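Protein chains in written order, with the UniProt record's numbering: chain A, 1 to 755; chain B, 1 to 755.
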């Protein structure tokens with residue numbers, strides 16, 4: 001997927017390698033183009049791990065040469081691999097989400113006469129290159145080489161012009177977000193500052209927030225100014241105004257300019273052939289002053305090449321925390337690309353001075369740790385935070401602190417938090433399992449008292465006062481959410497999905513309540529977490545929507561809901577995608593289904609009959625359920641191997657669907673090293689056969705986790721035996737503590753399933 | 001025209017009178033509704049003399065109940081007397097101009113459910129009241145009494161609600177200006193701040209500037225937020241978004257919001273019957289911080305009633321500088337209303353801390369005197385600055401200082417300056433006569449060296465480097481501007497009008513050059529100022545456009561150009577409107593026309609044949625030309641009397657056309673006291689019969705100018721004899737010095753023209 005590299009890029013790679021000394025270059029295995037088709041919605045933009053800033057090629061508007069256009073259909077990523085028409089670089093974008101958001105502050109370079117209309121200034125491109133922290137291409141219309149890199153909170157862009165007239169543009173009117181409105185002000189001949197409104201993510205109309213920016217160009221222009229689309233007037237006024245309904249250029253104005261569709265340009269009359277003009281931008285979600293401080297502090301005196309080399313080194317250090325040997329080159333690329341995608345969100349929210357926008361507030365807080373944002377928790381609570389806890393614990397503890405502080409600021413833990421706003425996207429109470437999971441794995445340096453209070457509040461506050469569980473009253477009363485009562489709409493009701501999430505959350509909280517001596521609450525919560533049994537229908541052999549009167553929805557088709565079809569009871573899935581999702585009480589579900597054999601057969605039928613959706617979260621732990629049963633673990637190994645091979649590749653479509661801020665990638669990362677956290681909130685991993693021969697993971701205080709696999713052939717995917725610290729290991733689900741303290745985990749793999 | 005007064009208003013009037021002690025209430029003669037029909041484009045809003053802030057009822061949009069709609073036709077005033085649909089109060093508006101501008105920051109009060117669409121929230125009104133510094137009405141749809149008053153840089157608004165639910169709105173999307181784009185930010189539960197772009201006056205696309213504001217409400221609301229018109233989306237995105245293409249309410253957001261069509265609301269859930277909510281707003285053209293300081297410094301602790309009473313007192317002091325006795329009540333009303341309108345522009349630009357936006361710059365200056373703006377000089381150089389010089393010299397000197405400092409900041413003196421931007425509206429070099437006129441009348445405490453340099457620059461810089469005289473090259477070469485050469489358009493070329501203005505300006509500058517010893521330049525300029533002779537056509541008996549080859553335009557109709565019809569050579573007028581406009585060389589024109597008799601007869605023919613346009617500036621001094629000739633002065637007295645009676649009344653249409661920032665009113669004020677400055681740049685007044693029996697004008701240092709008229713009947717309009725300081729006065733044109741030092745000027749008036 002790595003296309004041609006420019007000479008400049010080659011130089012950067014060399015520089016980067018110098019920084020890493022003799023260590024392996026793990027970034028060379030990352031292909032940022034993976035996931036950029038097939039609705040993976042990742043992008044090849046430049047970013048550092050969990051950075052606020054990303055600089056992303058924007059190619060989803062302005063031309064019918066593009067296959068996908070942000071305004072012509074539902075579209076949620078600034079970049080698509082097959083699109084052709086580049087209209088600039090977006091600053092700060094989301095990776096792997098399903099709703100359009102952010103992706104604004106679009107910078108562009110052009111030659112010739114100034115043209116503020118993106119339909120006209122956009123260009124085809126070639127020589128596309130992307131490596132961690134760097135992206136570049138060549139604009140064929142202009143013969144301009146464009147390159148971008150990033151620090152945590154700022155961007156650096158380098159435009160190499162063919163000479164003559166050239167322009168640098170920033171478009172503040174467009175972006176992936178559906179919010180509009182921006183303001184910009186000239187600060188000096190080479191600096192502007194401003195803000196733009198973002199938000200309404202997944203059409204949560206009140207979840208809006210501003211981004212602030214400061215942008216500099218490296219060379220004072222021959223001329224500069226603003227542009228703004230003029231309101232269309234009718235009649236005699238229109239006749240007088242040559243700019244009516246057009247982009248007007250403000251050539252002599254130098255103070256604030258605001259509007260829906262505005263921009264700013266710098267024009268250079270006489271560039272030398274090959275002359276480079278650089279653009280630097282700092283952003284903040286607090287203020288313009290902080291955006292400037294972020295830019296100054298993170299870039300002081302640094303060249304573009306140095307920033308790119310630094311970004312590469314940071315990535316290499318992060319990726320290198322997991323060192324794999326063996327496996328094919330393709331598998332290494334899949335692995336490190338997955339790890340790369342898992343290290344994008346959540347991302348840092350606070351500025352270099354510690355300020356950040358408080359949760360659901362117009363006020364700013366000051367943080368002594370890294371405050372994080374973009375918590376797509378319905379996705380990430382399943383494996384991404386477990387990956388953080390294991391490999392990046394210093395980040396995971398800050399993520400949990402961030403979540404707990406949100407509850408202090410707003411009263412509630414996050415569900416789908418986006419830059420200080422709760423978007424209420426998807427459902428459940430996913431922060432509870434994340435916090436309990438983290439605590440149980442020994443990361444405890446956060447305010448557990450406040451966390452516990454907030455978790456209890458969410459699990460027990462009745463009525464309209466509880467924004468996290470809109471249907472809590474009947475859930476508390478009946479231990480299930482009846483179909484249609486809250487939504488008033490039987491056809492598109494997500495009642496079963498809601499309740500299934502509450503069960504998982506309440507099970508996690510029950511453990512903590514017990515620990516803290518709230519025995520009665522623990523008992524209640526545990527009991528409540530078993531309410532899924534209400535939904536089990538012997539007739540269909542699945543969970544099934546239930547009405548308020550206790551009867552099941554009829555007629556009922558458990559296959560309905562494939563491909564995001566709207567169905568009663570289930571959100572983004574069919575009954576089959578949800579039926580086995582009781583990770584905290586698998587034994588209970590087994591009993592309901594009539595025993596292990598029936599459970600296993602039915603689960604295998606799901607896997608075999610295309611009733612398993614690899615592209616969305618509810619069923620992604622299904623393959624690991626086989627390993628709960630002695631003699632059936634080979635099915636996990638087989639299915640995981642099959643799914644990895646089929647859905648995770650180094651092609652642009654190498655992620656099965658939305659990456660979901662790294663959760664799909666997280667599934668692949670865990671699966672490829674031979675383990676998976678199959679129940680959020682429980683500190684356990686289910687084991688499977690690693691694809692690599694050796695995996696070494698850095699742990700705190702210089703400790704390491706080593707996983708080895710003995711295989712003769714690459715197709716040796718079945719576990720024959722295991723040892724932990726040299727001692728035989730019989731069970732396939734082990735605790736976090738056992739794993740970390742047990743010494744090397746060793747797999748003996750073979751061709752034959754061990755039944 | 002004064003409609004019903006509310007009880008609140010009665011209280012204010014009482015308060016106001018207390019402040020004025022036993023002196024006469026001159027404000028009671030002012031009818032701010034005069035000039036609010038007939039395209040007078042004045043307004044009845046609240047303002048203090050030459051104040052930055054005006055608070056103007058806005059009734060020119062949103063309903064077909066309005067006769068005139070700002071978006072349906074060319075429209076240049078926020079208020080029209082016959083319109084019915086009130087949509088709020090504009091903050092900072094222009095008075096008496098012919099192009100749409102300013103009139104934004106629209107505040108409104110409503111009851112019931114919040115409605116952000118002005119088409120729906122507007123209301124009919126009754127009980128309209130306006131006196132200097134105060135305006136009020138009752139909104140019939142809501143039964144809300146609205147009242148507004150102003151300090152120099154801030155507004156106070158009082159809304160008396162019927163009780164129950166009420167709302168205060170500020171609409172930042174609409175306004176009279178054709179520029180759009182604003183930003184607003186919540187500062188506290190009762191304060192917002194922001195800015196809005198204004199400009200493109202008369203479609204000078206680059207003459208744009210921001211207004212900054214801080215607004216407070218007196219009572220914390222039950223809820224508040226922003227609104228913004230949402231960009232219209234198509235397809236699946238539109239289907240998801242309930243706000244698509246509508247005004248969206250931002251109920252939970254509290255940081256910056258920017259856009260083309262935005263606003264902010266405060267809602268009160270439970271107002272008591274008769275409860276009042278007040279709004280206070282400070283503005284600045286420098287910054288939000290200055291807007292806040294202006295508000296704080298000018299309103300600290302003051303009640304609405306006190307601010308209104310202070311405004312009234314300031315007006316009374318200013319109006320009372322000219323005290324008239326005799327004449328009808330109607331004449332007094334016309335006079336003081338005219339004086340009121342003449343004291344609105346130019347208006348103060350600097351903030352209380354002295355800062356102001358520098359001319360054609362994004363930087364701010366600091367002024368130790370009052371920096372003025374809104375210099376409609378093609379109009380005001382004819383009489384308004386002469387009125388300022390005579391009666392308000394402390395303001396006139398600051399106005400001249402402002403003009404000179406503009407030349408220091410930008411290189412050029414103003415032509416039609418608007419908030420730091422040169423709009424290049426109309427033509428000529430009108431600041432030259434203003435400065436020379438002021439200097440020659442003894443107001444000399446300004447930087448005459450810099451002024452002189454700037455004047456010379458304007459009069460002599462050739463080519464494209466001279467923005468003030470776009471056609472200077474051929475003017476310098478031929479002493480006239482040939483038709484069509486510069487415009488490339490024979491049909492709408494203003495060449496003769498341009499040149500006529502240059503002649504007047506160069507004549508004024510010639511005097512100063514001579515004074516300063518630049519004898520050669522003085523000679524050249526004097527010679528150039530006689531270039532009008534090139535345009536004189538014996539055939540038509542008028543000035544006439546001339547081609548570059550020296551031949552006259554043919555065919556030619558000197559009547560063409562009435563009613564603002566576009567014609568070759570003349571701007572907003574016919575050849576007849578311009579032919580006698582050579583005030584600096586009337587004798588020369590007389591010779592061209594074949595002597596006094598022919599000149600007088602032809603001028604009288606113009607006056608008698610409706611070839612005189614009382615509604616625009618070029619010919620407004622015509623009636624005074626008769627007095628240049630012994631035995632013909634009665635014609636001046638007759639014509640001025642006739643024109644005053646016909647065109648200046650106390651009805652809403654009591655100004656003949658655009659008031660032109662007070663110039664039409666200035667004509668009436670001078671004419672009614674018996675004198676007129678008939679040649680800008682020359683310190684002379686031509687005398688005519690006053691309409692009052694006694695006029696007393698305050699002069700600096702406690703001196704007074706007294707004018708008396710002895711008449712038997714009101715219809716005694718002809719001067720029989722005059723005395724100055726008791727000595728017979730034979731001439732009808734006297735110098736400023738003679739007038740001020742001569743003692744009482746006394747007219748004996750009678751029924752019979754003195755031929």
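Glycine included, every Cβ here is placed at the ideal spot set by N, Cα and C.
In this text the structure is predicted, and so the values were computed from the model without any measurement.
By the rule that beta-carbons nearer than 8 Å mark a contact, residue 248 of chain A touches chain B. For residue 173 of chain B, the secondary structure class from DSSP, reduced to helix, strand or coil, is coil.
Scanning chain A for C-beta atoms nearer than 7 Å to the C-beta of residue 203 of chain B yields 240 and 241, reported in chain order. In the three-state reduction of the DSSP assignment, residue 732 of chain B falls in the coil class, being assigned neither a helical nor a strand state. Annotation: Cβ neighbours of residue 236 of chain A in chain B (cutoff 8 Å, chain order): 73 and 74.
In the structure shown, residue 386 of chain A falls within a helical segment according to DSSP collapsed to helix, strand and coil. Going by C-alpha positions, residue 107 of chain A is about 12 Å away from residue 59 of chain A. By the CB criterion at 8 Å, residue 42 of chain B and residue 655 of chain B fall inside the cutoff. Between the alpha carbons of residue 369 of chain A and residue 399 of chain A lies a gap of roughly 9 Å. Inter-segment contact for the stretch 96-106 of chain A and the stretch 195-204 of chain A is present: three or more beta-carbon pairs are separated by less than 8 Å.
Considering only B/673, B/667 and B/261, the residue with the shortest C-alpha distance to residue 614 of chain B is B/667. Residue 229 of chain B is bridged by DSSP to B/247. A straight-line Cα-Cα distance of about 21 Å links residue 501 of chain B and residue 626 of chain B. Excluding sequence positions up to five before and after residue 462 of chain A, its CB lies within less than 8 Å of the CB of 472, 473 and 476, all in the same chain and listed in chain order. Using a Cβ distance threshold of 8 Å, residue 261 of chain A and residue 173 of chain A count as a contacting pair.
Taking a Cβ-Cβ threshold of 8 Å, the residues of chain B close to residue 362 of chain A are 186, 253, 254 and 255, in chain order. When C-beta distances to chain B are compared with 9 Å, the residues of the stretch 191-215 of chain A below that value are 194, 195, 196, 197, 199, 200, 202, 203, 205, 206, 207, 208, 209, 210 and 212, in chain order. Bounds of the beta strand (DSSP E) holding residue 710 of chain B are 704-710. Interface annotation for the stretch 605-630 of chain A against chain B: empty, criterion Cβ-Cβ distance under 7 Å. In this structure, the straight-line span from the alpha carbon of residue 532 of chain B to that of residue 525 of chain B is close to 13 Å. A direct Cα-to-Cα measurement between residue 61 of chain A and residue 464 of chain A gives close to 41 Å. With fewer than 16 other beta carbons inside 10 angstroms of its own, residue 73 of chain B counts as exposed. For a Cβ distance threshold of 7 Å, residue set 231, 259 and 260 of chain A lies close to residue 260 of chain B, ordered along the chain. If you look at residue 748 of chain A, you'll find it in the beta strand (DSSP E) that goes 745-750. What residue 415 of chain B touches in chain A, judged by beta-carbon distance under 8 Å, is nothing: the nearest beta carbon there is about 16 Å away. Across the structure, residue 66 of chain B and residue 85 of chain B are spaced so that their CA atoms are roughly 6 Å apart. Under the three-state reduction of DSSP output, residue 560 of chain A falls in the coil class, being neither helix nor strand. Listed in chain order, the beta strand (DSSP E) runs fully inside the stretch 125-169 of chain A are 125-131, 134-139, 144-150 and 154-160, counting runs of at least 3 residues. Per DSSP, the continuous beta strand (DSSP E) segment holding residue 57 of chain B begins and ends at 54-57. Under a criterion of Cβ atoms nearer than 8 Å, no residue of chain B is adjacent to residue 541 of chain A; the nearest Cβ is some 35 Å distant. If you check the CB distance, residue 381 of chain A and residue 132 of chain A do not come in under 8 Å. In the structure shown, the three-state DSSP call for residue 210 of chain A is strand.
At a cut-off of 8 Å between beta carbons, residue 77 of chain B makes no contact with chain A. For residue 365 of chain A, the uninterrupted beta strand (DSSP E) run begins and ends at 364-366, by DSSP. The CB of residue 182 of chain B comes closer than 7 Å to the CB of 258 in chain A, given here in chain order.
At a cut-off of 8 Å between beta-carbon atoms, residue 219 of chain A makes no contact with chain B.
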